[in-house]
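2 protein chains.
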Amino acid sequence: MVKPTARYAYDGLDRVMHEKARLSLLTALITHPKGLSFTELKQHCGLTDGNLSRHMKVLQDAGLVAAVKGYDDNRPLTTVTITPAGQQQFLEYLSVLEQVLRDAAPLPASLTATFPDAEPDLV
Amino acid sequence: MVKPTARYAYDGLDRVMHEKARLSLLTALITHPKGLSFTELKQHCGLTDGNLSRHMKVLQDAGLVAAVKGYDDNRPLTTVTITPAGQQQFLEYLSVLEQVLRDAAPLPASLTATFPDAEPDLV
Chain A
1194 MVKPTARYAY DGLDRVMHEK ARLSLLTALI THPKGLSFTE LKQHCGLTDG NLSRHMKVLQ
1254 DAGLVAAVKG YDDNRPLTTV TITPAGQQQF LEYLSVLEQV LRDAAPLPAS LTATFPDAEP
1314 DLV
Chain B
1194 MVKPTARYAY DGLDRVMHEK ARLSLLTALI THPKGLSFTE LKQHCGLTDG NLSRHMKVLQ
1254 DAGLVAAVKG YDDNRPLTTV TITPAGQQQF LEYLSVLEQV LRDAAPLPAS LTATFPDAEP
1314 DLV
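Keeping their order, the protein sequence lines are chains A and B.
Under my numbering, think of the first position of the first sequence as 1194, with each following residue one higher.
Under my numbering, think of the first position of the second sequence as 1194, with each following residue one higher.
Written out as structure tokens, the structure is:
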């Protein structure tokens, strides 16, 4: 028996990237191609040390981000960057999010009942 | 000390709605205002009986969806609908998803390096 198409299954919503904190980290990193420090990531994403470290491990294990040890003004500084594979996979993930928004779009149209400016009053 | 703004924290990505299967169910339901049967939901969302029942309970407990018992051709048929509160909260959730896409948008612009049709060859 052929399985019916699961129109709204969104298999591309990979759980590694879809988790809220990791989605936050990846968005921060894809918009900062030169990378961000741990301190910047915590601030931008509203994460504690523990949360950042836990989610960084998941993202690193999946090959989506990399932590590069370097120096800033002679002090050791680790910079986190999104990897090329991470960039590609995150863009694919984002295209599925876009699909979700397109699929859910019919509703705003139905809201024109509340804001019927498309239907001028002919009386 | 004032907490710095967490630009990419996306607090509106409520975990009840953000979970992949529940996001799938809510998208299917918001696009079917008259509701869907359990069978239709399983097909549209690619869920097993067990998964559907588990995620339905979470969504019902949160007041986002309702199951109405009725009849179809004299056979009992339960129809699941999104509640008005569910519709409102899901739209708010979707607006946060839109924000994620807007935030991540700078990258596609950089992809014009690969598809430089905005930069005609002047040679």
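Note that beta-carbon positions come from the ideal geometry of N, C-alpha and C, so glycine has one too.
**Request:** Would you list, in sequence order, the uninterrupted alpha helix (DSSP H) runs of no fewer than 4 residues that lie entirely inside the segment 1223–1272 of chain A?
**Result:** 1231–1238 and 1242–1254
**Prompt:** Cα separation between glycine 1279 (chain A) and threonine 1241 (chain B)?
**Reply:** Taking the first sequence and counting its residues from 1, the one referred to as residue 1279 (chain A) is at position 86. Taking the second sequence and counting its residues from 1, the one referred to as residue 1241 (chain B) is at position 48. Looking at the two C-alpha atoms, the distance is approximately 31 Å.
**Prompt:** What's the gap between the Cα of lysine 1250 (chain A) and the Cα of threonine 1272 (chain B)?
**Reply:** Looking up residue 1250 (chain A) in the first sequence gives position 57. Looking up residue 1272 (chain B) in the second sequence gives position 79. Each residue's Cα considered, the two are about 42 Å apart.
**Message:** Under DSSP, the alpha helix (DSSP H) around arginine 1295 (chain B) begins and ends at which residues?
**Reply:** Within the second sequence, residue 1295 (chain B) is the residue found at index 102, counting from 1. Residues 1277–1297.
**Request:** List the whole-angstrom C-beta distance separating valine 1209 (chain A) from alanine 1255 (chain A), where the pair is believed to meet the contact cut-off of C-beta under 8 Å.
**Result:** Locating residue 1209 (chain A) in the first sequence gives position 16, where the first residue counts as 1. Locating residue 1255 (chain A) in the first sequence gives position 62, where the first residue counts as 1. Yes, valine 1209 (chain A) and alanine 1255 (chain A) are in contact; Cβ-Cβ is about 5 Å, under 8 Å.
**Asked** Excluding sequence positions up to five away, which residues of its chain have a Cβ less than 6 Å from the Cβ of valine 1261 (chain B)?
**Response** Taking the first residue of the second sequence as position 1, residue 1261 (chain B) is located at position 68. These residues qualify, in order along the chain: Thr1272.
**Prompt:** So is arginine 1200 (chain A) in contact with chain E if we call contact Cβ pairs under 9 Å?
**Reply:** The chain labelled as chain E is not found among the protein chains of the depicted structure, namely A and B.
**Asked** Considering only C-alpha positions, which residue in the set B:Asp1207, B:Gly1228, B:Arg1200 and B:Leu1287 is nearest to alanine 1298 (chain A)?
**Response** Locating residue 1298 (chain A) in the first sequence gives position 105, where the first residue counts as 1. Of the listed residues, the one whose Cα sits closest to alanine 1298 (chain A) is B:Leu1287.
**Request:** Pull up the DSSP beta-bridge partners for threonine 1274 (chain A), would you.
**Result:** The residue you call residue 1274 (chain A) lines up with position 81 of the first sequence. A:Ala1259, per the DSSP bridge assignment.
**Neighbour list for leucine 1206 (chain A) in chain B, Cβ cutoff strictly below 8 Å** = The sequence position of residue 1206 (chain A) within the first sequence is 13, counting from 1. Under the 8 Å cutoff, chain B gives Lys1213 and Leu1216.
**Request:** Check valine 1316 (chain B) in the structure and name its three-state DSSP category.
**Result:** On the second sequence, residue 1316 (chain B) is found 123 positions in, with the first residue counted as 1. The pLDDT assigned to valine 1316 (chain B) is 32, lower than 50, so where the model puts this residue is not dependable; a value taken from the coordinates is nonetheless given after this. It is coil, neither helix nor strand.
**Message:** Rounding to the nearest angstrom, what Cα-Cα distance links cysteine 1238 (chain A) and glycine 1263 (chain B) in this structure?
**Reply:** Position 45 of the first sequence, counted from the first residue, corresponds to residue 1238 (chain A). Position 70 of the second sequence, counted from the first residue, corresponds to residue 1263 (chain B). About 46 Å.
**Asked** What separation, rounded to the nearest whole angstrom, lies between the Cα atoms of glutamate 1212 (chain B) and glutamine 1282 (chain A)?
**Response** The count along the second sequence starts at 1 and reaches residue 1212 (chain B) at position 19. The count along the first sequence starts at 1 and reaches residue 1282 (chain A) at position 89. Rounded to the nearest angstrom, the two C-alpha atoms are 19 Å apart.
**Asked** Looking at the unbroken alpha helix (DSSP H) that takes in arginine 1200 (chain B), where does it start and where does it end?
**Response** If you number the second sequence from 1, residue 1200 (chain B) lands on position 7. Taken as a continuous stretch (DSSP letters only), arginine 1200 (chain B) belongs to no alpha helix (DSSP H), as it is neither H nor E.
**Request:** Label serine 1246 (chain B) either buried or exposed according to how many other C-beta atoms from any shown protein chain fall within 10 Å of its C-beta, with 16 as the threshold for buried.
**Result:** Along the second sequence, one-based indexing puts residue 1246 (chain B) at 53. With fewer than 16 other Cβ atoms within 10 Å, it is exposed.
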